[in-house]
Every structure is written in C-alpha cells, then in structure tokens.
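*Asks:* Sharing a structure below in structure tokens format, with a few things to ask.
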Amino acid sequence: MSDSPTSHIIQSLVSNLVIAVSKGVAAVLSGSGAMLAETLHSFADCGNQLLLLLGVRQARRPPDAKHPQGYGRALYFWSFMVALLLFSGGGVFSIYEGLHKLEHPEPVSDITVGAIVLGISLLVEGWSTWANIKELNARRGDTGFFRYLSASKDSDLIVIFGENSAAVAGLVFALGAIVMARHTGDGRWDAVGSLLVGVVLVGVAVFLATEVKSLLVGESADPSVEVAVRQVAADDPNIVEVLRVLTIQQGPGEVVVAAKIRMRDGLMTADEVCRAINAFEVKVEAAAPDVRWLYIEPDIED
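Read in order, the letters of the sequence shown correspond to residues 1 to 302 in this note's numbering.
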C-alpha cells in the first residue's frame with residue numbers, strides 16, 4: 001500500500017473537521033435542523049476517516065505466526081465499520097431529526113451564516129469529489145465507472161468516493177432546505193432537508209456495506225491475475241496444462257493464488273519438478289506484482 005491513500009485521508013479529515021465546527025456554529029445561530037443534520041454528517045465523516053487511518057495502519061502490519069498471510073483485510077473490516085457509523089451516526093439520526101421537525105416545525109432565523117458556510121463547504125467538498133473522480137478515472141482505464149466501483153478491491157477508495165458524493169448531495173439538500181424555509185416561513189422545508197440528508201446517508205452506507213462485505217468475506221482477485229497465471233504457464237515449456245486457478249483478494253494490492261498444474265512427462269526427479277515450479281513462481285510474481293502468496297500443486301488431473 002502506498003502512502004497516498006493516507007495523505008488523502010488526512011486531508012479529508014482536516015477539512016471535514018473545520019467544516020463540521022463551522023456547520024455546528026451555523027446550526028446554533030440559525031436553529032436549522034437540516035444544518036444540524038449536516039453537522040452530524042461532517043463529524044461522522046471525521047470519525048470515519050480516523051477509522052480508515054486505523055485500518056490502513058493495521059493492514060500494513062507484517063505477517064506473523066497468528067496471521068501468516070498478514071493483516072490486509074483489517075482495512076476491509078474498518079471500512080465496514082465506517083459504513084455502519086455512516087448509517088447510524090449520520091443517516092438514522094438525520095431522519096429522526098427530520099421527522100421530529102416535521103411534527104414540530106420551528107421557524108428558521110437568519111440563514112446568512114448558514115448559507116455562507118454551506119456554500120463554502122459545497123465548494124470544498126465538490127473539489128474533493130472531483131479529485132477523487134479523477135483518481136478513479138486514472139485507475140479504471142477502459143472499465144466503466146460504476147462497474148469499476150463495484151469491482152474495485154481498494155475499500156478506502158470506495159469509502160472516500162461514497163462519503164464525498166453523499167457530502168455534496170447533502171449540502172445541496174441542506175442549502176435548498178434552509179433557503180426555502182426562510183423564503184416561505186414554513187419550517188417544514190427545513191425538516192424535509194434533514195430527511196433528504198438522512199436518506200442519502202443511509203443509501204450510501206448500504207452501498208458501502210454491501211461492497212465491503214464481499215471483500216471482507218473473501219472475494220476473488222481481478223480476473224487479470226488469473227489471465228497472467230495462465231499466460232505464464234502457456235509460455236512455460238515445463239507446463240502442459242493449468243488444471244485449476246484460485247485467487248483471493250487478501251487486502252489492497254495483496255493477492256493469494258493457488259494453482260494446480262500438469263507438468264511435462266520429461267521431469268522425472270523431485271529436484272527437476274521443484275526447480276520448474278520455482279521458476280514458474282518467479283515468472284508469475286513478475287507478471288502479476290500484486291501476488292504475495294503463490295501455492296503450486298503439480299498433478300495429472302483436476
């Protein structure tokens with residue numbers, strides 16, 4: 001794992017903390033439920049980024065006797081916890097606040113400070129989202145955007161995109177809600193804004209939880225890894241056939257490969273077979289750099 005994901009998470013943490021405090025002040029001054037929902041959203045994002053940093057740190061721990069294949073899935077676990085926090089700490093409470101305000105609407109006072117804070121926050125989050133999309137576009141190549149999101153093995157990248165998208169949508173809803181509440185004098189608009197923010201957060205949280213759960217349970221690696229294994233085998237004169245290939249994504253940039261292969265008949269001794277397998281492993285690791293663990297079983301049939 002590179003250092004860039006960590007730097008991006010830290011940048012998001014600092015900006016979200018500043019935005020959260022600003023929103024909190026504006027929520028107190030305006031009495032807006034939608035603004036309060038956005039404040040909770042930003043503080044939830046801060047907590048999420050701390051959890052992601054913890055996950056990145058744990059995932060970098062080297063293998064040991066208890067975890068011989070390392071701690072790569074720790075990042076998937078903490079990414080799943082982020083989804084739960086986004087659902088409960090942000091989404092559910094925002095919906096509760098919206099329902100409460102809908103039953104007991106209150107007039108929204110001066111929205112000047114709130115509108116300014118939301119406007120600046122929208123610019124900051126919009127820039128962050130655009131930067132995230134550019135990074136996604138650089139990684140996905142010719143793969144469709146949403147298909148890449150669904151297939152990506154980098155849970156921190158998925159979570160950051162989900163958070164940024166939810167932040168932009170939530171800010172638009174909150175800004176529209178307080179403007180309408182102030183313009184019409186009807187506090188129910190503010191409640192609607194809070195409800196919409198909550199629905200967005202819950203929707204994003206469910207999407208993130210679904211995607212990360214698959215990685216946490218144990219998802220196969222990108223198909224290109226198996227293609228590389230089979231291509232290396234096809235070019236190896238000592239290998240007649242690849243009987244089976246199994247790949248597992250152990251963590252971001254960490255893949256486990258197990259393959260059953262049929263060797264050529266001319267390899268008579270155990271030493272010859274071992275040397276042929278060792279040479280094959282070196283070629284596979286060169287062709288697929290994400291492969292960290294490679295298990296080869298010579299056999300005559302599947």
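A virtual CB, placed ideally from N, CA and C, is assigned to each residue, including glycine.
For residue 223, tell me which candidate among 32, 143 and 185 has the shortest Cα-Cα distance.
*Replies:* 143
*Asks:* Is it a yes or a no for the stretch 52-69 touching the stretch 228-244, going by three-plus beta-carbon pairs under 8 Å?
*Replies:* Contact fails: fewer than three Cβ-Cβ distances are below 8 Å.
*Asks:* Curious, which full-length beta strand (DSSP E) runs of at least 3 residues does the stretch 212-247 contain?
*Replies:* The stretch 212-247 contains no whole beta strand (DSSP E) run of 3 or more residues.
*Asks:* Among the candidates 200, 27, 61 and 216, whose CA atom is the shortest distance from the CA of residue 81?
*Replies:* 216
*Asks:* Less than 8 Å between the C-beta atoms of residue 41 and residue 167, yes or no?
*Replies:* yes
*Asks:* What residues in its chain sit with their C-beta under 6 Å from that of residue 256, if we drop five residues either side in the sequence?
*Replies:* 248, 250 and 293
*Asks:* Does residue 111 come out as helix, strand or coil in the three-state DSSP assignment?
*Replies:* coil
*Asks:* Taking only three categories from DSSP, how would you classify residue 71?
*Replies:* Coil.
*Asks:* Would you kindly work out how many angstroms separate the C-alpha atoms of residue 237 and residue 89, rounded to a whole number?
*Replies:* Whole-angstrom Cα-Cα distance: 58 Å.
*Asks:* Taking just the CA atoms, how far does residue 43 sit from residue 15?
*Replies:* 11 Å
*Asks:* Which residues in the same chain have their Cβ closer than 6 Å to the Cβ of residue 58, if we skip the five residues on either side of it in sequence?
*Replies:* 71 and 74
*Asks:* Per DSSP, which residues does residue 293 bridge with? Please list them.
*Replies:* 256
*Asks:* Between the stretch 168-177 and the stretch 22-38, do three or more beta carbon pairs fall short of 8 Å?
*Replies:* Contact between the stretch 168-177 and the stretch 22-38 is present: 3 or more CB-CB pairs across the two stretches fall below 8 Å.
*Asks:* Could you give the first and the last residue of the continuous alpha helix (DSSP H) run that contains residue 41?
*Replies:* From DSSP, the alpha helix (DSSP H) with residue 41 extends over 33-59.
*Asks:* Taking C-alpha atoms, which residue in 103, 213, 226 and 96 lies nearest to residue 153?
*Replies:* 213
*Asks:* Between residue 225 and residue 159, is the Cβ-Cβ spacing less than 8 Å?
*Replies:* no
*Asks:* How many Å lie between residue 67 and residue 220 at the Cα?
*Replies:* 19 Å
*Asks:* Quick one: Cα of residue 32 to Cα of residue 10, how far?
*Replies:* Residue 32 and residue 10 have their alpha carbons spaced roughly 29 Å apart.
*Asks:* Short check: CB of residue 202 to CB of residue 280, under 8 Å?
*Replies:* no
*Asks:* Note down the Cα distance separating residue 141 from residue 100, rounded to an integer number of angstroms.
*Replies:* 46 Å
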